[in-house]
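In terms of the numbering used here, the sequence shown opens at residue 8 and continues consecutively.
Using N, Cα and C, we set each Cβ at its ideal position, and we do this for glycine too.
Here is the structure we will look at.
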Amino acid sequence: MPCRAATNVCRRSGAVLAVLLAACAGTSTPPFRPAALSAEQAELCRAAEQAYRGRAPDYESLRQRAAADPTTAVWLTRMFIRDVFTVREGRPLGEDQGLLRAAARIADPVETRAIAEIEALGAAAVPTLVGDLLCHGQPQPRELGIELLAHVGAPAVPAVQQLATSSDARQRRAAARTLGAIGVAGDVLPTLRRLAADADFAVRADALRDLHDGGAPVRDLLVERLGHDDDAFVRRTAAQSLQHFPGAAAANALIDYLERCKRERDYRGEEAAQASLQVFAGTHGPRTPAAWRAFAATLTDSDGGTELEGTHG
């Protein structure tokens, strides 16, 4: 293929992704503007896509070459994002195979393969995932960015932490949720603590929303926000996340919160407290605060604050 044609193929790939982003996001466009491909870079992109689609034996070496160049890494990442979007947003309604797969909860092989490739790219995919998706002005691309960055894991943390300092509350919210989805390890918790004290209540809530690990320090952050945040939505979010940290400390904090919700007629808060306590107990159905106190008296806290015999967070 001539270099001009190869360049057009690569540009067309980016254009398809832009259309898909626009289709699920109204008129907003991604703010990320990478460098233009040279003819040589475009040829590498073309060869990598052909090898990927054809499952050629030289694909892995081509991927490594493309991933090593920041400009071609953008294109390669966008190719995989495009595949995920195409599967999720572009499947014709009458395509029985897709409908049957969805009904059976079987992963689409195109989507599964694309996500695995993003995982393999690791840090090389992060600038594109953050720039195209996590910084997008509309929620659907941001949600996909959170999901894909969680697949990348620890290599994505520095870029997401940088986004957590943004003046845009939507970007701080996206950063908070991404860090929670990746998992609280290393220096992630101090960033989440700061976001959990943000002036924007929605940022505070999203800093607590996806917390599911991190032991006693994370549990204690949730307990503190449950008892002291001045926003009912943030407190409810903390109550919901505490279900992942079963033990006496969390149970008693949830019971205190349940009693407060009853006094303040916060019915949605009551439901959240009851639901998390039921996870601890492994039962269904609400109980009175007194009955929950009796249950909490049977609990202990492990050193990590995330384990309780006979329960699952």
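Let me know if residue i comes out buried or exposed under the rule of 16 or more other beta-carbons within 10 Å of its beta-carbon.
i: Gly61; result: exposed
i: Thr290; result: exposed
i: Pro146; result: exposed
i: His143; result: buried
i: Pro224; result: exposed
i: Asp217; result: buried
i: Thr295; result: exposed
i: Gly193; result: exposed
i: Glu96; result: exposed
i: Asp139; result: buried
i: Ala183; result: buried
Could you tell me whether the Cβ atoms of residue i and residue j are closer together than 8 angstroms?
i: Ser248; j: Leu229; result: yes
i: Thr198; j: Gln178; result: no
i: Leu44; j: Arg72; result: no
i: Leu215; j: Gly254; result: no
i: Ala188; j: Ile153; result: yes
i: Val159; j: Ala132; result: yes
i: Leu136; j: Thr78; result: no
i: Glu124; j: Val94; result: no
i: Ala246; j: Asp308; result: no
i: Ala304; j: Leu284; result: no
i: Arg242; j: Tyr264; result: yes
i: Arg70; j: Ala49; result: no
i: Val81; j: Pro134; result: yes
For residue i and residue j, I'd like the C-alpha separation in whole angstroms.
i: Ala171; j: Thr185; result: 10 angstroms
i: His219; j: Ala127; result: 24 angstroms
i: Asp103; j: Ala280; result: Annotation note: pLDDT 49 at Asp103 (below 50); position unreliable, no value reported.
i: Cys268; j: Ala181; result: 29 angstroms
i: Asp207; j: Arg40; result: 29 angstroms
i: Arg321; j: Ala297; result: Since the first residue of the chain shown is 8 and the last is 320, residue 321 is not available in this structure.
i: Gly234; j: Ala157; result: 29 angstroms
i: Arg200; j: Arg226; result: 12 angstroms
i: Ala166; j: Val191; result: 15 angstroms
i: Ala75; j: Gly129; result: 11 angstroms
i: Ser173; j: Gly292; result: 42 angstroms
Compare the Cα-Cα distances from residue i to each of the options and report the closest residue.
i: Asp90; options: Tyr59, Gly254, Arg216, Ala63; result: Tyr59
i: Asp213; options: Gly129, Val94, Arg40, Asp238; result: Asp238
i: Ala288; options: Phe302, Pro64, Asp205, Arg275; result: Phe302
i: Asp115; options: Glu231, Phe92, Gly129, Arg294; result: Phe92
i: Asp175; options: Arg200, Asp205, Asp227; result: Asp205
i: Met86; options: Gln57, Ala75, Ala46; result: Gln57
i: Gln250; options: Gly222, Ser173, Ala282, Arg70; result: Ala282
i: Phe240; options: Gly292, Arg270, Arg275; result: Arg275
Determine, using beta carbons only, whether residue i comes closer than 8 angstroms to chain D.
i: Ala239; result: As a matter of chain content, chain D is missing from the structure shown, which is built from one protein chain.
Item to complete: Kindly provide the ranges of any alpha helix (DSSP H) runs that are 4 or more residues long and lie completely inside the region 55-104, ordered along the chain.
Response: 66-75, 77-96
Fill in: Length-filtered (4 minimum) alpha helix (DSSP H) runs lying within the region 145-219
As far as the region 145-219 is concerned, its whole alpha helix (DSSP H) runs of at least 4 residues are 146-159, 164-170, 176-189, 195-202, 208-216.
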